[in-house]
Each structure stands twice: as C-alpha cells, then as structure tokens.
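K.L.:
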Amino acid sequence: KSGYKYSTLYAHMSRFSPQFHLGSHVKLGEVIGYVGQTGLATGPHVHYEFRINGVHYDPMKVKLPHAAPIPKSQRQDFKRYAHQMMALLNTK
Numbered sequence: 007k008s009g010y011k012y013s014t015l016y017a018h019m020s021r022f023s024p025q026f027h028l029g030s031h032v033k034l035g036e037v038i039g040y041v042g043q044t045g046l047a048t049g050p051h052v053h054y055e056f057r058i059n060g061v062h063y064d065p066m067k068v069k070l071p072h073a074a075p076i077p078k079s080q081r082q083d084f085k086r087y088a089h090q091m092m093a094l095l096n097t098k
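Under the working numbering, the first residue of the sequence shown carries the number 7, and numbering increases by one thereafter.
(1) How far does the beta strand (DSSP E) with methionine 19 in it extend, from its first residue to its last?
(2) Decide if the segment 44 to 61 is in contact with the segment 7 to 23; the criterion is three or more beta carbon pairs, one per stretch, under 8 Å apart.
(3) Please state whether the Cβ-Cβ distance between valine 41 and histidine 51 is less than 8 Å.
(4) On a Cα-Cα basis, can you pick out the residue from Leu46, Thr48, Gly45 and Ser20 that is closest to glycine 39?
(5) CA-CA distance, arginine 81 and alanine 47?
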C-alpha cells in the first residue's frame with residue numbers, strides 16, 4: 007500500500023524477493039518478486055492490480071499526482087525528518 011489511498015497487488019508469483027516482508031517500503035527499480043504460474047494460470051505471468059481507495063483502475067491510464075520538488079534550502083531538514091519517520095515505521 008502507498009498510504010491509505012493507493013494499493014497494488016502482485017499475484018501468481020513464483021517467489022518474492024527475500025529482502026522484502028509485509029510492510030516493507032519499496033523503491034523504484036527494486037525487484038519485488040519473480041514471475042510464476044500458480045493456481046489455474048494457463049502460463050507464467052504476473053497478475054498486477056492497481057487500486058485507488060479500493061477501486062480497480064487500469065494502471066496504464068491512471069494519472070498520478072505530482073509533488074513539487076523540495077526546495078534545496080529545506081532538503082537537509084526533510085531528509086532528517088524522513089529518516090526519523092522511517093525509523094518509527096520500521097519499529098516492531
């Protein structure tokens with residue numbers, strides 16, 4: 007999930023990357039898992055779903071919001087705050 011608004015689902019995977027677990031944060035370009043053929047699938051593939059507020063949308067047509075860049079003068083403060091928040095989120 008990405009916050010409470012966006013969520014994705016990956017199914018028919020042969021396995022997931024060992025570096026991730028439920029609640030992990032994923033960055034652009036990271037391998038999440040590997041293609042598989044589970045259940046009644048007729049061939050190897052990844053079933054991908056994209057939802058906004060629980061409603062399915064075509065991921066190729068969704069226009070996601072863009073955020074304004076963080077001003078250079080505020081980046082250090084932002085990074086420090088983000089690091090603190092990530093530490094809290096990763097507390098078990």
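We put the beta carbon where it would ideally sit given N, CA and C, even for glycine.
P.N.:
The short version:
(1) Its beta strand (DSSP E) spans residues 19 to 22.
(2) Touching, per the Cβ criterion.
(3) Between valine 41 and histidine 51, the gap from beta carbon to beta carbon is short of 8 Å.
(4) Ranking Leu46, Thr48, Gly45 and Ser20 by Cα distance to glycine 39 puts Ser20 first.
(5) Separation of arginine 81 and alanine 47 (C-alpha to C-alpha, rounded to the nearest whole angstrom) is 46 Å.
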